[in-house]
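> The structure follows.
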DNA sequence: GAATAATCGACCAAAATATTCGAAATATTT
DNA sequence: AAATATTTCGAATATTTTGGTCGATTATTC
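Chains as they are written, first to last, in the working numbering: chain A, 1 to 165; chain B, 166 to 330.
Shown next as structure tokens:
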């Protein structure tokens, strides 16, 4: 709070005129950044036609943005929660939305006979789980690791199992 | 302490069987790392013959090592102390030693008619002060800044003022 | 199997941190 | 310019975190 106040050039107590608690501020920041991410994602998948392209774009933008939106990372990551637990908690609210987007891409791909998807709900969930799993080492590991490379590899696997024929 | 205990896979209280306080652990770590640094430095200056080379090597290795020995950086730096104050505090103990090494290099250089040094004690102190000053922005500033470049520039200045003729 | 070494969980005091409160300053409306 | 509403603040309080203690318990050694 002290730090927030300083950054705002305000007295600590003034903050409580606008927010009821520290958590509320935190929520607001996360909401704000999640909205940015959502916009980036939707424009990104619109920019490509093919379902494969959409899926590729989505995964890339998502992971890249996650890296950029580092506010929570720097603010909270230090020691409060286990890393995975932390990410899990933040995203609870936005999971449904993400599933919806993924389902849409999958459904569209299946309609166009490019994906083979038995149950878009479950497949979307599976992909989401994978993406989440990917976030953990993204924060955890040293930054030297080539993320692009790893993402490509994973996408390859994903498509190789998903693309028709 | 909780974190240290966790890292050690021990109960918090067990740690106090070996150390009397948090500070004592901290000191032990610093001492340990300072010893590594000392070794690196002494072998580094031995590897070169000329006083100018020695001085160059010393400054480089010192600054590079300082960057590497990031334990205290990560452990304490977050917010506890002002940056400069922090560095100052840690090094209090090892300043004498450093001065001694610098004096040796200077003295040797003067004897070989390469340096002009009126009072090696004071000159060593001046150099040390400069090096300390250099450490602050090293932590403070973004890492993108080219340290090598800056070190070279500073060494140039140092020598231009110090080398005979 | 007694003596010593090592570990632990539960607890405490103090430091750090979040939050409240009343009042003062500032802005807006009447 | 009085009255009212909004915003800011410092000081006081409540809550949480954290370094450290203690007695009991479990390994290890002789």
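In this text, a Cβ means the ideal position worked out from N, Cα and C, and glycines have one as well.
Between the alpha carbons of residue 35(A) and residue 166(B), how many angstroms are there, rounded?
Numbered from its first residue, the first chain carries residue 35(A) at position 35. Numbered from its first residue, the second chain carries residue 166(B) at position 1. Answer to the nearest angstrom: the Cα atoms are 38 Å apart.
> Please classify residue 19(A): does DSSP put it in a helix, a strand, or coil?
For this step, residue 19(A) is matched to residue 19 along the first chain. DSSP places residue 19(A) in coil when its eight states are reduced to three.
> Should residue 155(A) and residue 10(A) be called a contact, given that it needs their Cβ atoms to be closer than 9 Å?
Start at 1 with the first residue of the first chain, and residue 155(A) comes out as number 155. Start at 1 with the first residue of the first chain, and residue 10(A) comes out as number 10. Taking 9 Å as the Cβ cut-off, residue 155(A) and residue 10(A) do not qualify as a contacting pair.
> Does the beta-carbon of residue 120(A) have 16 or more other beta-carbons within 10 angstroms, so that it is buried, or is it exposed?
For the purposes of this step, residue 120(A) is taken as the residue at position 120 of the first chain. Its Cβ being crowded by 16 or more others within 10 Å, residue 120(A) is buried.
> In its own chain, which residues sit with a C-beta less than 7 Å from the C-beta of residue 277(B), not counting the 5 before and 5 after it?
Position 112 of the second chain, counted from the first residue, corresponds to residue 277(B). So the list reads 216, once near-sequence residues are dropped.
> Quick test of your reading: residue 32(A) and residue 44(A), contact by CB under 8 Å. State the CB separation rounded to the nearest angstrom.
One-based indexing of the first chain puts residue 32(A) at position 32. One-based indexing of the first chain puts residue 44(A) at position 44. Their Cβ separation, rounded to whole angstroms, is 19 Å, which puts residue 32(A) and residue 44(A) out of contact at 8 Å.
> Once you ignore the five residues that flank residue 40(A) on each side, which residues in its own chain have a CB closer than 7 Å to its CB?
Taking the first residue of the first chain as position 1, residue 40(A) is located at position 40. 61, 65, listed in sequence order.
> State the Cα-Cα distance for the pair residue 106(A) and residue 116(A), rounded to the nearest angstrom.
Locating residue 106(A) in the first chain gives position 106, counting from the first residue. Locating residue 116(A) in the first chain gives position 116, counting from the first residue. So the two alpha carbons sit approximately 9 Å from each other.
> Pick from 5(A), 53(A), 12(A), 18(A): whose alpha carbon is nearest that of residue 159(A)?
Position 159 of the first chain, counted from the first residue, corresponds to residue 159(A). From the listed residues 5(A), 53(A), 12(A), 18(A), the smallest Cα separation to residue 159(A) is found for 53(A).
> Between the C-alpha atoms of residue 263(B) and residue 275(B), what's the straight-line distance to the nearest angstrom?
Counting from 1 along the second chain, the entry for residue 263(B) is found at position 98. Counting from 1 along the second chain, the entry for residue 275(B) is found at position 110. About 18 Å.
> To the nearest angstrom, report how far apart residue 190(B) and residue 266(B) are at their CA atoms.
For the purposes of this step, residue 190(B) is taken as residue 25 along the second chain, with counting starting at 1. For the purposes of this step, residue 266(B) is taken as residue 101 along the second chain, with counting starting at 1. When rounded, the distance between both Cα atoms is 27 Å.
> Are the beta-carbon atoms belonging to residue 19(A) and residue 28(A) less than 9 Å from one another?
In the first chain, the residue the question calls residue 19(A) occupies position 19. In the first chain, the residue the question calls residue 28(A) occupies position 28. The answer is yes: Cβ separation under 9 Å.
> Quick check on residue 123(A): buried or exposed, where buried means 16 or more other Cβ atoms within 10 Å of its Cβ?
Here the question's residue 123(A) lines up with position 123 in the first chain. Here residue 123(A) is buried, its C-beta having at least 16 other C-beta atoms within 10 Å.
> Thinking just about the alpha-carbon of each residue, which of 46(A), 5(A), 114(A), 37(A) is nearest to the one in residue 63(A)?
Translated into the one-based positions of the first chain, residue 63(A) becomes position 63. The shortest Cα separation from residue 63(A) among 46(A), 5(A), 114(A), 37(A) belongs to 37(A).
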